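The structure appears right after this line, and notes come after that.
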Amino acid sequence: MNKLLNYLCFLALTSMTACSIYFTTPMYAYQMGKGIDVGTPALPYYAYSNTTLEVINEEFKNANAKVTIEDTYTYGYNKPFKDLDPDGDTGQTFSDMGTATRYLQNILKAKGVSDPENYFLTSIDSAKEFGFTLIAAVHRTEKELTVIDKFGASTENTITCDDPSYYQPYRFDCKGEPLDTVYEWAAVPNDCYEKQGHQAILLTLTANKLLEKTPKTNYWETESKWIAGNYKSVVIDQDYMVCQALGIESGYTEQKKDVFKD
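Every number in the working numbering is 59 more than the matching position in the sequence shown, counting from 1.
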């Protein structure tokens, strides 16, 4: 009997620990549809809701989204959505923006974009160790860039798509000529796009915004804050905006324990 009681206590403690580790927050059907209009900044609320991809896909269809989760699997990953595992894993999780860009370009090509090869997913990783990444989707026609290093000395670097730094946004080249047009950006918690299912949501939300072709000119000021170390204010301001749009009273930055890791 004592062994049984000890075992039950162990299970209870284990369950309590698990609940404290995995943060969840509900997301309702009407909010999922609104999330398409909000775009990529809404990603945490899909990821933290633990709602299945099948349900999210149906709500995207109901909201007449130009790109659905099913589209992302069909065209982005070249995998069938039907009978997909609940976690959405097909062995195609990306760990770099070059791979993510290829998936995104596949989707855009299927949706009739005339120059899908000129759209890129980029990231600023300076706050990654603190739990966040600044992601931007840009339009760029130059295949070789000569730009100033964002983080080191003011040195000129010539880079191509084979270089990791190519997958950062650049407003101007080293001569002051315009380079990237930002059409979508978001400050994203790292744990919201580690799994392929969450990455699929990210790609879907981003692709929908790219099809709108509305430049996000406020990105460059945001990037300056981020690189200067003021990433917390960016995250909090964005979360407030998302909550207002989705009708959420208290955002994940208020609810989630230890949301900032520094």
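Here a beta-carbon is modelled for each residue, glycine too, at the ideal position from N, C-alpha and C.
Values in this document were obtained by computation on a predicted structure and should not be read as measured data.
- So what does DSSP say about Glu215, is it helix, strand or coil? Residue state for Glu215 is assigned as strand, using DSSP reduced to three classes.
- In angstroms, rounded to a whole number, what distance separates the CA positions of Thr217 and Glu203? Going from the Cα of Thr217 to the Cα of Glu203 covers about 7 Å.
- Message: Using CA atoms only, rank isn't needed, just tell me which of Ile207, Pro228, Glu188 is closest to Thr200.
- Response: Measuring from the Cα of Thr200, the nearest candidate turns out to be Pro228.
- According to the Cβ coordinates, are Thr127 and Tyr104 closer than 8 Å? No, the Cβ-Cβ distance between Thr127 and Tyr104 is not below 8 Å.
- What is the C-beta distance between Ala279 and Ile183, in whole angstroms, given that I count them as a contact (C-beta under 8 Å)? The sequence given here has Trp at residue 279, not Ala. That pair is no contact at about 11 Å.
- Query: Between the C-alpha atoms of Asn123 and Pro248, what's the straight-line distance to the nearest angstrom?
  - Reply: Asn123 and Pro248: Cα-Cα distance of roughly 27 Å.
- Assign Cys251 to one of two classes, buried (16 or more other C-beta atoms within 10 Å of its C-beta) or exposed (fewer than that). By the 10 Å Cβ count, Cys251 comes out buried.
- Query: Can you give, in chain order, each stretch of the alpha helix (DSSP H) that sits fully within the region 116-194 and has at least 4 residues?
  - Reply: Counting only runs of 4 or more residues that sit fully inside the region 116-194, the alpha helix (DSSP H) segments are 156-169, in chain order.
- Message: Whole angstroms are fine: how far does the CA of Asp221 sit from the CA of Ala304?
- Response: Taking the straight line from one Cα to the other gives about 38 Å.
- Item | Rounded C-alpha distance that separates Thr205 from Phe231 | Distance from the CA of Thr205 to the CA of Phe231, rounded to the nearest whole angstrom, comes to 9 Å.
- Item | Paired residues, beta bridge with Ala196 - DSSP | Paired residues: Leu180, Glu243.
- Among Thr131, Leu163, Asn109, Val172, which residue has its Cα nearest to the Cα of Asp146? It is Asn109 whose Cα lies nearest to the Cα of Asp146.
- Query: Any chance the region 174-194 sits against the region 287-305, with 3 or more Cβ pairs inside 8 Å?
  - Reply: With a cut-off of 8 Å on Cβ pairs, the region 174-194 is in contact with the region 287-305, counting three or more such pairs.
- What does a CB cutoff of less than 7 Å around Thr73 pick up in its chain, not counting 5 residues either side in sequence? Its pLDDT being 33, under 50, Thr73 is placed unreliably by the model, and the measurement read from it follows with that caveat. Excluding positions up to five away in sequence, the list is empty.
- Message: Give me the DSSP bridge partner(s) of Glu203.
- Response: In DSSP, Glu203 forms a bridge with Thr219.
- Message: Among Leu180, Leu238, Lys209, Val241, whose alpha-carbon lies nearest the alpha-carbon of Phe153?
- Response: Taking only the C-alpha atoms, the option nearest Phe153 is Leu180.
- Query: Which residue from Gly98, Phe140, Gly157 puts its Cα closest to that of Val114?
  - Reply: Checked all of Gly98, Phe140, Gly157; the closest Cα to Val114 is Phe140.
- Item | Straight-line Cα distance separating Gly92 from Glu117 | Each residue's alpha carbon lies about 10 Å from the other.
- Task: Mind checking who Pro248 pairs with in its DSSP beta bridge?
- Result: According to DSSP, which records beta bridges pairwise, Pro248 is partnered with Phe191.
- Task: Have a look at Tyr299 and Gly310 and give me their C-alpha separation to the nearest angstrom.
- Result: Using only the alpha carbons, I get a separation of about 7 Å.
- Task: Report yes if the C-beta distance between Thr149 and Tyr134 is below 8 Å; otherwise report no.
- Result: Not in contact: Thr149 and Tyr134 (Cβ atoms no closer than 8 Å).
- Inter-residue Cα distance where the pair is Lys234 and Thr158: Approximately 29 Å between the Cα atoms of the pair.
- State buried or exposed for Lys320, treating a residue as buried only when at least 16 other CB atoms are found within 10 Å of its CB. Counting of Cβ neighbours within 10 angstroms places Lys320 among the exposed residues, the total staying below 16.
- May I ask which residues mark the beginning and end of the alpha helix (DSSP H) holding Val301? Segment 290-305, the alpha helix (DSSP H) holding Val301.
- Query: Applying the criterion that 16 or more other CB atoms from any shown protein chain within 10 Å of the CB defines a buried residue, is Pro237 buried or exposed?
  - Reply: Counting Cβ neighbours within 10 Å, Pro237 comes out exposed, since fewer than 16 surround it.
- Same chain, Cβ closer than 6 Å to Ala106, neighbours up to 5 away in sequence not counted: Hits under 6 Å: Cys251, His257.
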